[in-house]
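From first to last, the protein sequence lines are chains L and V. Our numbering puts the first residue of the first sequence at -15, with every later residue one more than the last. Our numbering puts the first residue of the second sequence at 393, with every later residue one more than the last. All C-beta atoms in this analysis are idealised placements derived from N, C-alpha and C, irrespective of residue type, glycine included. All values reported here derive from a predicted model rather than from experimental measurement. Structure, as structure tokens:
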Amino acid sequence: MTRNSDVPCLAVFTFLGCLGAPVCAATESVTDAFGIFRSASPTEPLRANWAGLREVLAPMGARAETIAPGPVETILLQLGGKSLSAGGPPAESAALLFDAAGNSVADDTPVALTAGTTDPRVVATQNGIASRLISPGRAAGLFHAGAASGNRQGPRAEYQIVSNVTSITPQIIPQTEPALPETMTTLALPMLLDRDGNAVEDGIGLTLLATHADGSYSLVPAVTTGGRAEARILTRNLPQQGAVTAALTGHRSGAQPFRVAMLQPVGLPEVVARALDDAVAHEIRIGPFLTQAGHLLNDGADIAVTLTTSSGRQLRTDGWLADGMFRTVQPIVRDDFPLDLTVTTSLGTVSLTVAQPGAGR
Amino acid sequence: MATGQTLSAPGATADAWSNDGVPLLLVALACALLFHGGLLPFTHENTYDAFIHMFFGDHYYRSWFDPWEPRWYTGFLTTSYPPGTHMAIGALMHVMSLRAAFVTVQLFGLLLLTVGVFRFSLLWVAPRAAGFASIALVISSSISETIHIFGQLPTIFSLGVFLNGLPYVYRWIVIGRWANFLLAVLFGAATTAAHHVTTLFGTILFIVPLGLHCLRAVAELNPLPPRAAPATGLRGAFRRPARPFARPAAWLRRFVSPVARGLLLAVLLVAGIVVTILPYWIWSVNDPITQVPIPHGSRESFIARPDMGLVFFLIPWGLSLLFLPYAWYKGLTSRLWPLAASLALCFVLGTGGTTPISRAILRGAFDILTLDRFTFWGSILILPFLGLMIDALVQGRSGKLIAAAFGRGTQILVLTGIFTAMVVLAVSIAIMPTSKPTQPEFIDPEPIVQFMSSDDHDQWRYLTLGFGDQFAYLSARMEAQSIDGNYHSARRLPELMRFSVERLENAKYLGVPGLGSLQQFLTNADTYHLKYVFSNDAFYDPLLHFSGWTRLIRLQNGIVVWEKPDVDPLPLLQPRRDISQGQRLMWGLLPPTMLLSAFAVLIGAALRRSLIGTRPEYRPLTEPLDGFGNPARVRRIVSVLAILLVLGVTTLGALLWQERTRPATAEEVITAYFTDLDFRRFGPAYDRLDPVTRDSPDDVLFQLRWQGGLIASYGKLLSVKTNAERKSPSMIDWTVTLDWLTALDTRVQVLAVRTVLRDGHWYIVPTHLRQVQAPLRILTEERVNWAVPGRRQARPDTDLHRDQIDRPKVTVPAARLVQRGGKLFLVGSVTNIDVVPAAISLTGELRGITGNRLMRQGQGTVGGERLRGGETSGFAIPFAGVLSLTEAAKITGFDPTLYIPPELPEPPAIAALDARALVGTSDVYRGVSLNGARIKAAQDGLILTGLAVNTGTETASVVRLTALLYGPDGRPLWAGAGFVDINIYPGQSAPFSMPLPDASEITVLAEVSAGDITVNGSGQPVTPPIDPSVASIPLNGLGGYSALRLSISSMTHDPQF
């Protein structure tokens, strides 16, 4: 929001403008492409040196004159893009040359442009600009560029040549042994090199796709550091056999086997049914689920249970283990016993029977 | 026309001082100063409207004569609201702060209203009753609510001016004199300067009854010989003389001049209303309000919405509601009947949509007006009656009757009870926003002001979310522009106008239409130069994150700043609407002149001691001095009534208790449980869990907090549906379907819930979390962090240093325009072939057969907005329109599937895509993977299921899966996004399920050719073709697709519950 439109201010400015007009008319004024100014204006000392055609309005009459740009004073260098792909398209290095008053220097001013390890190339300015194309080499790295004219040089410009990501084909280092269930296992990728042998930069994203024997898939992202990448897989709910590939842009690695070891059960889990006091239901506890690894089947492991009552009625429920046990409350009465249970976990499927409700505690 | 009147029979000549009127007025003024003046500095920041008026006041402080205000709605004219009170704030801001200026003007308005009520009451009742009326005003609940809850400044101020002008109206009609006429017109104009609605409706509700009262006074002052006996009541108002046909001309002649004067005044009042705020009327005519009506609680049925009835009916009426029968009784039996009739009209209109009467009376205006203002005016109109009643109780007939029947103590008790109840109610209401806030906690605007004013941030627009009405105060504190605003009548952007959304700021309260409107702005931010969002509500975080907004910082005041990359700054020259210089001068000069003139008149009158005195031509109702009935009989009647009252209250209480203690059904328990959880009422929710099997409250709360995520943390429950699966007498297994509204979409959650019956009450059997253990005690991760200093140096020059970083190279291998269910989408894939992460903005464009542009649409929430180097993601840009006015009128309920097709001049023939990328180094967490993903055919297409696993080191608060489906030809056919319901801690996992459409539902309308894809402002970079089968899951024709490519992204900040 501005206050310029306020009428009182407008009136005051107009009044002051009227007062100032005769004063301006009495001194020498100059018109250039940007407007009119007093040649002796203390607030614009540099403007008198602005190059180009202008007209001087003096009390004795008007005259036209041309101000030429001065010698090179300042050189600015732009070089892009920030990261050139190894063996990729060239980039432009452009120097902007100005004189002391900020004018673009005269055409055909020679400028020496350097870039990386290449020899300087002398080019002539056009409209104050001198430019050349720089082809990135096949080696990645950080390079510097510069521009010089006469006894003036511009500040250093840096540019980077990076690996050609689209030319990298990833590989996967094969597993040495099957991963244990419920563990964080790592799939490593060897050094990722582009077609010219440059290592990939940090932070590049890859995708690992595992195809499992049961027809399911797992998708695991990986990120590069130090030219390599590692993908971490949590072996939760994964079948034993599978194959995994890695992909980066349009390239895919060959498939590598991916194996997960399975735990083996020890004995059968126990079943206890307990009548609940004030609800027509029974609590059924199944477990513990023991394994040959010497520990309980892990917490959170899936379990599915089908109960068949004496009358043939079937109740299905599923859930997960806690402390090696599964607990469920089902709307069954004493007459429903004996119960047949079919229990499925990652240890396999077992059939159990409970003849009578237990005493309960 | 005669402008003078000879008084043939002076009326009541009692002096206000001698009858205790003025001392009571002084008490009222002192109370107003102490009570409201003491509270206002603390309560105004919790009100609804105070900050809006401050914003307007700040406008006039910055620019008195320039009505263009660019800070809201891409600019609007302040001639859209009468400026009087706002100019008063603006003027005071030269000597005090904005908030102090508001408080001062509001308090001044209240004092003016107190005097106005006294002066208005003097026209109807005796001075002491008028004094009590002014005291009743100060301690009325309606004033407390209007000032301390609503923060309505112009309503209070303008009514104060208006009521102070009514004595001149009375005098002009009754006795003439041009001075009275001029003053009446002046006060009408001054009222209009503050708020035109008060003048418009005040003419009907206050002046019309006053006019009838004037005619009666004229009749009494000019009696026909023989002198007519004093008539009372409605019937007596126009009782004909004993010999009506003897001198009918003489009878009528008495009224000719007053009626003519009244008509002349009416014409000039209208002229005053028009001229004083002429630019407003010109704006109204040239720029009529054509937007969808904003729902307002005062138009609801107060039976269906008792909460609205409380706010807009019960609280403003307060104790006055109990005295309404008295007012109407007095109206029917005395000369106050015009006042009572007007009061009745206000009462009826104030009931809103409770009965069809209001709509029948107001017709089209019903949907525009806020009807609580009628209740407010009714609460003012009843004040003379209240004053009369209190006066009668203090020393009138009623008081003497009570003293005689029940003793002096009872009389004092009754009076004390009334005053105490009024004061307690008024104070309770005044401090209610403090004790039970209706607004977010006060947000210190200073950090935001500093942020916007530094680094040229105010070159872009901003938006606030979750600020409530404090947004207006924030915008008053700085010059930065917002796309939103808090004065909906000034909205002119179709995206805002056509939805029933008061403002974007509180979009979530308007459900899908609100979020749809907000999404339009967030996804098309570049169109509106919208770069910053200040969020005080985490509900919007998922929408912001997955729309490509980046969380920048959390300011000192707790507000989170979000930034949209790659948005152009505002142009140096912005479009504005100008009005003529004459209108500017009128707007800047006339309203304040009218107000100042009116105040000068009042000050002059006060100095002449004529401000608050009675006058001979006044004909107030005086309390009859005759005796009263049998005290014993009164005592008996009152005793019987008291017994009946006690019996009635007891019976009602018993019924309510019975209803309250009725055991809830199992369905009711389930609904109540999830509703309690939604409103974070954990105590009541815990009480509904089975007391035998539930854990401790802390353990239950832990489980809820542990889940968090999109639904529990960012969702709003819409409905609960229950279906009994297995029933036994004491146990029922239910399938419970919960419909949730999140900022991203509507979600359906299906749960298995069991209820058990214990001691006649149903309870929910608590469920337990899957207690999975993280595989490692300490997770480690190699990470890459970036800093993007660009070419910034320690120089004071401000530059767009980030923009000086070259844009990352991205490529769009393929894109297509498809149609599904009548909706248009641009689908495809985008790959970052650079080595730095890219924040990518995708904009789709529909073109006609000749290549003419039909519509542009920004990227939605389906993928591709942030990619690391080398990554590929599918994307879908949905083309949606805004709700047309005709369609909006038809929509009465909530429709989560609402889709508005774009209004295109011709069918789209081709489409184009513009992709732009900036280096974007944040929000590229890639620690979430998918285990055991399966794709199966389902009833309506495909279903993708699996387990999302967090193998990284950050908590994924919302996880998104983007699915890109390839058609049989190997080109993209569909892209969609699915979200995991709960958050995932490191080492934990959560199941997901995502529906995908069948390919037969999708029609390819056009291929986007390579020439129609621009990347970073030019053609696509030259790269080897990207093989779509890489990293894709083969579908082999399942659902009509050849392959599926999945990508995962996560929002990682602020996991919460």
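Counting only Cβ pairs nearer than 7 Å, list the residues of chain V close to residue i.
i        : result
L/Asp186 : Val1176
L/Met168 : Pro1167, Leu1168, Thr1343
L/Leu73  : Leu is not the amino acid found at residue 73 of chain L; the sequence shown has Pro there. Those are Val1414, listed as they occur along chain V.
L/Val205 : Residue identity differs from the one stated: residue 205 of chain L is Pro in this sequence, not Val. Going along chain V in sequence order, the residues near L/Pro205 (Cβ under 7 Å) are Arg1318, Ser1321, Ile1440.
L/Gly278 : Near L/Gly278 there are no residues of chain V at all, since even the closest Cβ is about 17 Å away, more than 7 Å.
L/Gly181 : By Cβ distance, chain V contributes nothing, its closest Cβ being about 16 Å from L/Gly181, past 7 Å.
Since residue i meets chain L, which of its residues come closer than 8 Å, beta carbon to beta carbon?
i         : result
V/Val641  : Reading off the sequence, residue 641 of chain V comes out as Ala, not Val. In chain order: nothing, as chain L lies at least about 57 Å away.
V/Val1227 : Ser67, Val146, Ser147, Val149, Val184, Glu185, Gly187, Ile188
V/Pro1417 : Gly234
V/Leu1339 : Arg220, Asn221
Would you grab the beta carbon distance between residue i and residue j for me? Rounded to a whole angstrom, and I think it's under 8 Å.
i         : j         : result
V/Pro832  : V/Phe863  : Rounded, the Cβ-Cβ distance is 10 Å, inconsistent with contact.
V/Val1396 : V/Val1210 : 5 Å
V/Leu770  : V/Phe739  : Strictly speaking, residue 770 of chain V in this sequence is Gly, with Leu absent from that position. The Cβ separation is near 5 Å, so the contact holds.
V/Val1176 : L/Val207  : 7 Å
L/Ala123  : L/Ala90   : About 38 Å separates the two Cβ atoms, so there is no contact after all.
V/Leu1440 : L/Leu203  : Reading off the sequence shown, one finds Ile at residue 1440 of chain V, where the question assumed Leu. That belief holds up - the Cβ atoms of V/Ile1440 and L/Leu203 are roughly 7 Å apart, short of 8 Å.
V/Val1414 : L/Ser147  : With a Cβ gap of about 17 Å, V/Val1414 and L/Ser147 do not count as contacting.
V/Pro462  : V/Gln966  : 7 Å
Name, please, each residue of chain L whose Cβ falls closer than 7 Å to the Cβ of residue i.
i         : result
V/Glu1263 : Gly189
V/Arg1118 : Pro315
V/Thr1223 : Thr233
Using a cut-off of 8 Å between C-beta atoms, extract the partners of residue i located in chain V.
i        : result
L/Asn282 : Val1164, Gln1165
L/Ser294 : Under the 8 Å cutoff, chain V gives no residues; its nearest Cβ is about 17 Å from L/Ser294.
L/Phe306 : Here residue 306 of chain L is Ala; the residue named in the question, Phe, does not match the sequence. Result: His1160, Gln1163.
L/His196 : Gly1324
Residues of chain V with a CB under 9 Å from the CB of residue i: which are they?
i        : result
L/Ala172 : Simply none; closest approach about 12 Å.
L/Gly125 : Within 9 Å Cβ-Cβ: nothing; L/Gly125 doesn't reach chain V, min ~13 Å.
Could you name the residues of chain L that residue i contacts, counting a contact when the two beta carbons are closer than 9 Å?
i         : result
V/Ser1381 : Leu218, Arg220, Asn221, Gly284
V/Thr1014 : Chain L residues near V/Thr1014: none, gap ~55 Å exceeds 9 Å.
V/Arg1258 : Near V/Arg1258 there are no residues of chain L at all, since even the closest Cβ is about 11 Å away, more than 9 Å.
Next on the checklist: Please list, in chain order, the residues of the region 927 to 951 of chain V that have any C-beta partner in chain L closer than 8 Å.
Outcome noted: Answer set for the region 927 to 951 of chain V: empty.
Next on the checklist: So, does the region 565 to 573 of chain V touch the region 696 to 708 of chain V, judging by three or more C-beta pairs under 8 Å?
Outcome noted: no
Next on the checklist: Can you pull out the residues from the region 1121 to 1147 of chain V whose beta carbon lies closer than 7 Å to at least one beta carbon of chain L?
Outcome noted: So the close ones are Pro1121, Ser1122, Met1123.
Next on the checklist: Is it the case that the region 534 to 544 of chain V contacts the region 786 to 801 of chain V, given that we only count it when at least three CB pairs across the two stretches are under 8 Å?
Outcome noted: Judged by pairs of C-beta atoms under 8 Å, the region 786 to 801 of chain V does not touch the region 534 to 544 of chain V, as fewer than three such pairs exist.
Next on the checklist: Please identify, using Cβ separations under 9 Å, the residues of the region 209 to 237 of chain L that lie next to chain V, in order along the chain.
Outcome noted: Residues of the region 209 to 237 of chain L whose Cβ lies closer than 9 Å to any Cβ of chain V, in chain order: Thr209, Gly210, Glu214, Ala215, Arg216, Ile217, Leu218, Thr219, Arg220, Asn221, Leu222, Pro223, Thr229, Ala230, Ala231, Leu232, Thr233, Gly234, His235, Arg236.
Item to check | Residues from the region 1419 to 1438 of chain V in contact with chain L, defined by Cβ distance under 7 Å | outcome: Asp1419, Val1422, Ala1423, Ile1425, Leu1438
Next on the checklist: Across the region 650 to 668 of chain V and the region 455 to 467 of chain V, are there enough close Cβ pairs to call them in contact, namely three or more that are closer than 8 Å?
Outcome noted: no
Next on the checklist: Just to confirm the assignment: which complete alpha helix (DSSP H) runs, minimum length 4, are found wholly within the region 893 to 973 of chain V?
Outcome noted: 903 to 915, 933 to 938
Next on the checklist: By the 7 Å beta-carbon criterion, what residues does the region 101 to 123 of chain L contribute toward chain V?
Outcome noted: none
Checklist entry - Using a beta-carbon distance cut-off of less than 7 Å, what residues from the region 552 to 563 of chain V approach chain L? => result If the cut-off is 7 Å between Cβ atoms, the region 552 to 563 of chain V has nothing near chain L.
Checklist entry - Given a limit of 9 Å on CB to CB distance, which residues of the region 1303 to 1328 of chain V reach chain L? => result Val1311, Thr1313, Val1316, Arg1318, Gly1319, Val1320, Ser1321, Leu1322, Asn1323, Gly1324, Ala1325, Arg1326, Ile1327
Item to check | Runs of alpha helix (DSSP H) wholly within the region 1112 to 1142 of chain V (minimum 4 residues, chain order) | outcome: none
Item to check | Selection of the region 447 to 478 of chain V by Cβ proximity to chain L, strictly under 8 Å | outcome: Residues passing the 8 Å Cβ filter: His451, Arg454, Ser455, Trp456, Phe457, Asp458, Trp460, Glu461, Pro462, Arg463.
Next on the checklist: Within 8 Å, do at least three Cβ pairs link the region 454 to 461 of chain V to the region 501 to 509 of chain V?
Outcome noted: no
Checklist entry - Does the count of Cβ pairs from the region 1349 to 1365 of chain V and the region 1253 to 1267 of chain V closer than 8 Å reach three? => result The answer is yes - the region 1253 to 1267 of chain V touches the region 1349 to 1365 of chain V, with three or more Cβ pairs under 8 Å.
Checklist entry - In the region 305 to 338 of chain L, which residue ranges form an unbroken beta strand (DSSP E) of at least 3 residues, counting only runs that do not cross its ends? => result Counting whole runs of 3 or more residues, the region 305 to 338 of chain L contains the beta strand (DSSP E) stretches 310 to 314, 323 to 329, 332 to 338.
Checklist entry - For the region 43 to 62 of chain L, which residues have a beta carbon sitting closer than 7 Å to at least one beta carbon of chain V? => result none
Checklist entry - If we count Cβ pairs, one from each stretch, closer than 8 Å, do we get three or more for the region 927 to 935 of chain V versus the region 864 to 884 of chain V? => result Flag = no, the region 927 to 935 of chain V and the region 864 to 884 of chain V do not touch.
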